[in-house]
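Protein chains: 4
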Amino acid sequence: MPKDTFFNLSIEKRQRIIDMAIDEFAKYSYDKVSISKIVDKAEIAKGSFYQYFEDKKDLYKYLLLNVIVEKKVNYLSHFTLKMQEESFFEVLKALYIAGINFAKDNPKLAEISDHFTKNTDDNLKKEIYDGSIPKSNALLEGLLLKGIAKGDLNPDIDIKLTAYILTSLTISIGEYFIKELKVEDDMEIMTLIDNMLLIFEKGIKNKG
Amino acid sequence: MPKDTFFNLSIEKRQRIIDMAIDEFAKYSYDKVSISKIVDKAEIAKGSFYQYFEDKKDLYKYLLLNVIVEKKVNYLSHFTLKMQEESFFEVLKALYIAGINFAKDNPKLAEISDHFTKNTDDNLKKEIYDGSIPKSNALLEGLLLKGIAKGDLNPDIDIKLTAYILTSLTISIGEYFIKELKVEDDMEIMTLIDNMLLIFEKGIKNKG
Amino acid sequence: MPKDTFFNLSIEKRQRIIDMAIDEFAKYSYDKVSISKIVDKAEIAKGSFYQYFEDKKDLYKYLLLNVIVEKKVNYLSHFTLKMQEESFFEVLKALYIAGINFAKDNPKLAEISDHFTKNTDDNLKKEIYDGSIPKSNALLEGLLLKGIAKGDLNPDIDIKLTAYILTSLTISIGEYFIKELKVEDDMEIMTLIDNMLLIFEKGIKNKG
Amino acid sequence: MPKDTFFNLSIEKRQRIIDMAIDEFAKYSYDKVSISKIVDKAEIAKGSFYQYFEDKKDLYKYLLLNVIVEKKVNYLSHFTLKMQEESFFEVLKALYIAGINFAKDNPKLAEISDHFTKNTDDNLKKEIYDGSIPKSNALLEGLLLKGIAKGDLNPDIDIKLTAYILTSLTISIGEYFIKELKVEDDMEIMTLIDNMLLIFEKGIKNKG
DNA sequence: TATGAATGAGATTTCATTCAT
DNA sequence: AATGAATGAAATCTCATTCAT
């Protein structure tokens with residue numbers, strides 16, 4: 000967590016620092032991000048940075064666990080709404096839509112998340128997430144179980160594996176979206192997600 | 000490509016260098032791999048390294064595009080055999096089996112591939128692969144087209160997206176294999192792949 | 000010397016600052032003492048510190064030359080009393096007892112003195128004491144001269160050297176006391192001092 | 000220990016580096032010594048330093064435990080010779096003479112030793128000496144025991160305390176020598192030591 | 001008088017690459 | 001062809017002190 004000094008700064012300055020940090024962490028992976036570059040671009044003294052943040056990791060954690068999460072919350076409102084009532088595939092769709100809309104509106108933040116997911120330093124990962132990745136699979140496993148209970152899904156599927164596949168698709172669908180399509184049109188996103196989910200739907204839904 | 004000097008070395012020395020490089024690139028991501036460590040472990044002078052290779056990238060490229068690819072070829076023989084005659088799903092299965100067997104028999108090389116796939120420096124990626132990832136998708140897109148032509152697949156599927164999904168699954172299935180299962184038994188691997196493909200099969204095969 | 004602003008503070012605040020400063024200077028040597036830590040622990044603003052003291056050195060000087068000296072005065076009352084009448088060795092003994100009792104009752108202050116004595120930055124030393132160490136020797140040289148005059152001491156001894164030795168012993172006896180003995184019992188301290196002085200007594204007293 | 004690369008350097012270069020390091024460590028305490036300054040004065044690249052030494056501590060250890068010790072050995076030859084046969088006071092005298100002559104001929108090295116002895120960071124001290132300071136007292140305690148056995152010394156003296164005193168005097172006599180006398184004349188040194196030892200001799204020798 | 005954000009020089013350390021021998 | 005010493009830019013981080021409010 001940033002120090003109090005950081006939160007006592009003017010909003011403009013705080014935002015400038017965060018923005019420049021986002022710029023760099025979106026462009027480079029953790030190791031390659033340079034604090035010197037960030038302070039240069041944010042036009043603050045190097046010493047000031049260390050008055051605001053414990054160290055590089057502190058800033059990184061803050062971006063990942065606060066700035067990004069905060070932004071993401073809005074996008075997940077539909078998902079959480081649907082979560083209660085709808086069929087498994089509707090909920091899953093809401094989840095993907097949330098993810099993609101977030102990436103569309105906040106490409107840099109999505110890029111940072113992407114860098115983090117792909118980061119290979121497991122120690123750093125563990126220290127920052129401390130179990131949140133398994134949690135992400137737990138979320139999907141829970142959804143799958145509910146889906147089976149509701150009768151939406153074929154009870155014979157391998158839950159763990161299916162969850163793994165769905166998680167991995169979150170990433171690939173995001174990449175596909177970023178690299179192949181540069182869609183402005185929301186309809187296309189919907190179509191994309193529909194197509195992807197259709198494949199699964201047939202594969203894992205209950206025939207009954 | 001390594002310089003001629005490298006290929007003029009005795010096989011033993013060449014192998015020693017390659018082995019130590021594989022060790023390091025399997026352990027660390029590109030940035031964190033230390034040339035100093037490699038030359039130490041291979042017991043060659045640092046200057047010599049730069050007489051064999053242009054630079055760090057040169058070695059990395061060589062490992063990825065030559066050493067690894069060369070090893071992989073054997074594993075793909077079944078796949079290429081089946082490619083001619085069998086149904087789409089048989090071919091796909093052969094492709095996955097090849098990939099998993101390769102990872103099982105050459106864990107370090109698989110690790111290097113993994114590191115590369117997850118590497119976040121797009122410039123490096125582009126410079127090394129320079130279109131090979133699209134090519135990898137092109138392979139799958141080709142398979143899909145053939146599958147449609149043969150009547151195996153539903154002609155309405157989004158080919159590009161489906162190819163993307165299948166590629167992404169290569170990665171996730173590999174990870175799942177490495178982290179969740181520590182299978183000695185080939186049967187389990189087969190079951191794993193069967194389960195995964197079943198989901199797709201239902202999703203994309205031709206109902207007719 | 001601290002600025003007037005410091006002395007205008009409430010006694011409580013002043014004491015809090017001094018106490019925290021003592022804590023830090025007892026724990027660390029001059030260079031390693033952190034003003035930031037002191038102001039944090041004393042709960043004053045960093046800017047305030049520089050309105051009370053010129054700089055770090057100013058605080059340090061104040062502790063050494065005022066706070067500590069002030070405390071020491073009581074302990075030297077016996078010494079000064081005896082100074083008039085008693086034999087050289089009685090006076091010397093009183094001096095050592097004063098020193099050790101001071102260290103026993105004010106371990107942090109003693110630690111600060113210790114750090115200072117051992118500090119290696121001669122410039123700082125000179126600037127702070129500015130002749131006080133020679134003065135400390137002058138005290139002993141005076142005692143020795145008096146002792147000779149009284150007939151207590153052998154007039155042939157090298158006064159300067161003997162004074163130097165006695166000064167150095169103040170330090171070593173203090174360390175020995177702190178590190179080897181953890182005496183609660185005053186008797187043991189007396190015995191320790193007696194033993195040490197006995198060695199000298201035989202060495203420098205007048206045989207006549 | 001310095002790395003091999005250091006010992007492979009030309010004698011001139013090696014000496015230049017050592018000399019500049021000695022200069023700095025004689026002037027400043029460990030913490031204040033700047034590697035940057037040393038490399039500047041030795042006219043080597045900063046990176047080179049780290050090819051020769053692990054880090055700052057490595058260089059410091061090398062100076063203390065190798066460079067200085069090596070130089071000191073010669074000075075102790077008389078001492079070790081006398082150690083076998085002579086009376087306690089002769090041996091002690093030889094020890095002091097060795098110490099003082101060393102300091103006279105190698106004032107900077109003596110200064111470094113002095114800085115180290117007075118250094119307050121016990122962790123560093125422990126790491127470097129790892130028990131050598133108690134050993135120094137053990138040496139004197141051994142001498143004292145031998146002296147008692149031979150009948151040179153009063154068996155009633157407190158051995159530990161006496162050893163402590165003698166150790167402390169090694170330091171103070173060195174300082175006295177450096178600061179008060181700037182003797183060229185060896186005779187004066189002898190007189191100085193004789194005077195000091197006389198005091199002790201009377202104090203602790205066997206009356207019988 | 002009180003505050004605490006701002007400063008910036010300077011510290012140690014790393015490492016791919018070059019180059020003289 | 002082989003060697004390994006030399007390089008130096010760039011990295012993170014520290015901290016006493018200043019200064020605007």
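Chains as they are written, first to last, in numbering that gives the first Met the number 0: chain A, 0 to 207; chain S, 0 to 207; chain P, 0 to 207; chain B, 0 to 207.
No residue lacks a Cβ here, since even glycine has one placed at the ideal position from N, Cα and C.
Fair warning: this is a prediction, and the values are worked out from it, not measured in the lab.
Would you kindly work out how many angstroms separate the C-alpha atoms of D157(B) and V90(P), rounded to a whole number?
-> Looking up residue 157(B) in the fourth sequence gives position 158. Looking up residue 90(P) in the third sequence gives position 91. Cα-Cα distance, rounded: 23 Å.
DSSP state of L8(B) mapped onto helix, strand, coil = Taking the fourth sequence and counting its residues from 1, the one referred to as residue 8(B) is at position 9. Looking at L8(B) - three-state DSSP - the assignment turns out to be coil, as it is neither helix nor strand.
Could you give the residue range of the alpha helix (DSSP H) that holds E69(B)?
-> Position 70 of the fourth sequence, counting from 1, holds the residue named residue 69(B). Taken as a continuous stretch (DSSP letters only), the alpha helix (DSSP H) holding E69(B) covers 68-74.
Proximity winner among K149(B), L143(B), N153(B), relative to Y163(B) (alpha-carbon distances) | The sequence position of residue 163(B) within the fourth sequence is 164, counting from 1. If we check each option's Cα against that of Y163(B), L143(B) comes out closest.
What are the start and end residues of the alpha helix (DSSP H) that includes S86(P)?
-> Taking the third sequence and counting its residues from 1, one reaches residue 86(P) at position 87. Unbroken run through S86(P): none, as it is neither H nor E.
Going by the CB atoms, is the gap between F199(P) and G146(B) shorter than 8 Å?
-> As a first step, residue 146(B) must be located in the fourth sequence, where it is residue number 147. As a first step, residue 199(P) must be located in the third sequence, where it is residue number 200. Not in contact: G146(B) and F199(P) (Cβ atoms no closer than 8 Å).
Can you list, in chain order, the residues of its chain whose CB lies under 7 Å from that of N105(B), leaving out five sequence neighbours each side?
-> Against the fourth sequence, residue 105(B) aligns to sequence position 106. The beta carbon of N105(B) sits closer than 7 Å to those of K70, all from its chain and outside the five residues before and after it, given in chain order.
Should the segment 34-51 of chain P be called in touch with the segment 61-77 of chain P, which here means at least 3 C-beta pairs below 8 Å?
-> No, they do not touch.
Could you give the residue range of the alpha helix (DSSP H) that holds Y128(A)?
-> Position 129 of the first sequence holds residue 128(A). Counting along the chain, Y128(A) sits inside the alpha helix (DSSP H) bounded by residues 121-128.
Is it a yes or a no for the segment 183-197 of chain P touching the segment 27-40 of chain B, going by three-plus beta-carbon pairs under 8 Å?
-> Cβ pair count under 8 Å is below three, so no.
One or two residues paired with K204(P) in a DSSP bridge = For this step, residue 204(P) is matched to residue 205 along the third sequence. Its beta-bridge partners are L152(P).
C-beta neighbour in chain S for M189(A), strict 8 Å | Counted from its first residue, the first sequence places residue 189(A) at position 190. Chain S contact via Cβ: absent.
At which residues does the alpha helix (DSSP H) containing Y27(B) begin and terminate?
-> As a working note, residue 27(B) is residue 28 in the fourth sequence. Neither: Y27(B) is in no alpha helix (DSSP H) and is coded neither H nor E.
Could you give the residue range of the alpha helix (DSSP H) that holds F115(A)?
-> As a working mapping, residue 115(A) is identified with position 116 in the first sequence. Element bounds for F115(A): 106-117.
Assigned exposure category for G150(B) - 16 Cβ within 10 Å defines buried | Taking the fourth sequence and counting its residues from 1, one reaches residue 150(B) at position 151. By the neighbour-count rule (16 or more Cβ atoms within 10 Å), G150(B) is not buried but exposed.
Determine, using beta carbons only, whether S167(P) comes closer than 8 Å to chain B.
-> Numbered from its first residue, the third sequence carries residue 167(P) at position 168. Taking 8 Å as the CB threshold, S167(P) lines the interface with chain B.
From which residue to which residue does the alpha helix (DSSP H) around A41(A) run?
-> Against the first sequence, residue 41(A) aligns to sequence position 42. Taken as a continuous stretch (DSSP letters only), the alpha helix (DSSP H) holding A41(A) covers 34-41.
Span separating the alpha-carbon of T4(A) from that of E23(B) | What you label residue 4(A) is simply residue 5 of the first sequence in a count that begins at 1. What you label residue 23(B) is simply residue 24 of the fourth sequence in a count that begins at 1. If you take the alpha carbons of T4(A) and E23(B), they lie about 38 Å apart.
Hey, does L138(P) have any beta-carbon neighbour from chain B nearer than 8 Å?
-> Position 139 of the third sequence, counted from the start, is the residue given in the question as residue 138(P). With 8 Å as the cut-off, L138(P) does not count as an interface residue toward chain B.
Go ahead and label K2(B) buried or exposed: buried means 16 or more other beta carbons lie within 10 angstroms of its beta carbon, across all protein chains shown.
-> Position 3 of the fourth sequence, counted from the start, is the residue given in the question as residue 2(B). Per the 10 Å Cβ criterion, exposed.
For Y51(A) and chain S, any beta-carbon pair shorter than 8 Å?
-> Locating residue 51(A) in the first sequence gives position 52, counting from the first residue. By the rule that beta-carbons nearer than 8 Å mark a contact, Y51(A) does not touch chain S.
Opening and closing residue of the alpha helix (DSSP H) in which F48(S) lies | For the purposes of this step, residue 48(S) is taken as the residue at position 49 of the second sequence. Taken as a continuous stretch (DSSP letters only), the alpha helix (DSSP H) holding F48(S) covers 45-51.
Chain-ordered chain P contacts of G202(B) [CB-CB under 9 Å] | For the purposes of this step, residue 202(B) is taken as the residue at position 203 of the fourth sequence. From the beta-carbon of G202(B), the residues of chain P found nearer than 9 Å are L197, I198, F199, E200, K201, G202, I203.
Near-chain P residues of the segment 150-165 of chain B - C-beta to any C-beta below 8 Å | Per Cβ criterion, the list reads I156, D157, K159, L160, T161, Y163, I164.
Hey, would you say A93(A) sits closer than 8 Å to K103(A), going by beta carbons?
-> Counted from its first residue, the first sequence places residue 93(A) at position 94. Counted from its first residue, the first sequence places residue 103(A) at position 104. It is not a contact, given that the beta carbons lie outside the stated cut-off.
Any C-beta of chain S sitting closer than 8 Å to the C-beta of S35(A)?
-> Translated into positions along the first sequence, residue 35(A) becomes position 36. So no, S35(A) is outside the interface.
Quick one: Cα of R13(A) to Cα of N7(A), how far?
-> Here residue 13(A) refers to the residue found at position 14 of the first sequence. Here residue 7(A) refers to the residue found at position 8 of the first sequence. Each residue's Cα considered, the two are about 9 Å apart.
Near L165(A), what residues of its chain come up, given a Cβ to Cβ distance below 6 Å and the 5 sequence neighbours on each side ignored?
-> Taking the first residue of the first sequence as position 1, residue 165(A) is located at position 166. L139.
Sub-8 Å separation of S167(B) and S167(P) beta-carbons = Counting from 1 along the fourth sequence, the entry for residue 167(B) is found at position 168. Counting from 1 along the third sequence, the entry for residue 167(P) is found at position 168. Yes, the pair counts as a contact, with Cβ atoms nearer than the cut-off.
Beta carbon proximity, N122(B) to chain P, threshold 8 Å = As a working mapping, residue 122(B) is identified with position 123 in the fourth sequence. Not an interface residue.
Residues in its own chain within less than 7 Å of T161(P) by CB, not counting five upstream and five downstream?
-> The residue you call residue 161(P) lines up with position 162 of the third sequence. Its chain contains L143, I203 as the residues whose beta carbon lies nearer than 7 Å to that of T161(P), once the 5 sequence neighbours on both sides are disregarded; these appear in chain order.
Who are the Cβ neighbours of N100(A) in its own chain at under 6 Å, not counting the five residues just before and after it?
-> Locating residue 100(A) in the first sequence gives position 101, where the first residue counts as 1. The residues are Y74.
CB contact flag (I127(B), K60(B), <8 Å) = By one-based count along the fourth sequence, residue 127(B) stands at place 128. By one-based count along the fourth sequence, residue 60(B) stands at place 61. A contact, by the Cβ cut-off of 8 Å.
Identify the contact partners of Y175(S) in chain A, using a Cβ-Cβ distance below 8 Å as the criterion.
-> As a position in the second sequence, residue 175(S) is number 176, starting the count at 1. Those are L160, Y163, listed as they occur along chain A.
At a Cβ threshold of 8 Å, is K45(P) touching chain B?
-> Within the third sequence, numbered from 1, the residue matching residue 45(P) stands at position 46. Not a single CB atom of chain B sits nearer than 8 Å to the CB of K45(P).
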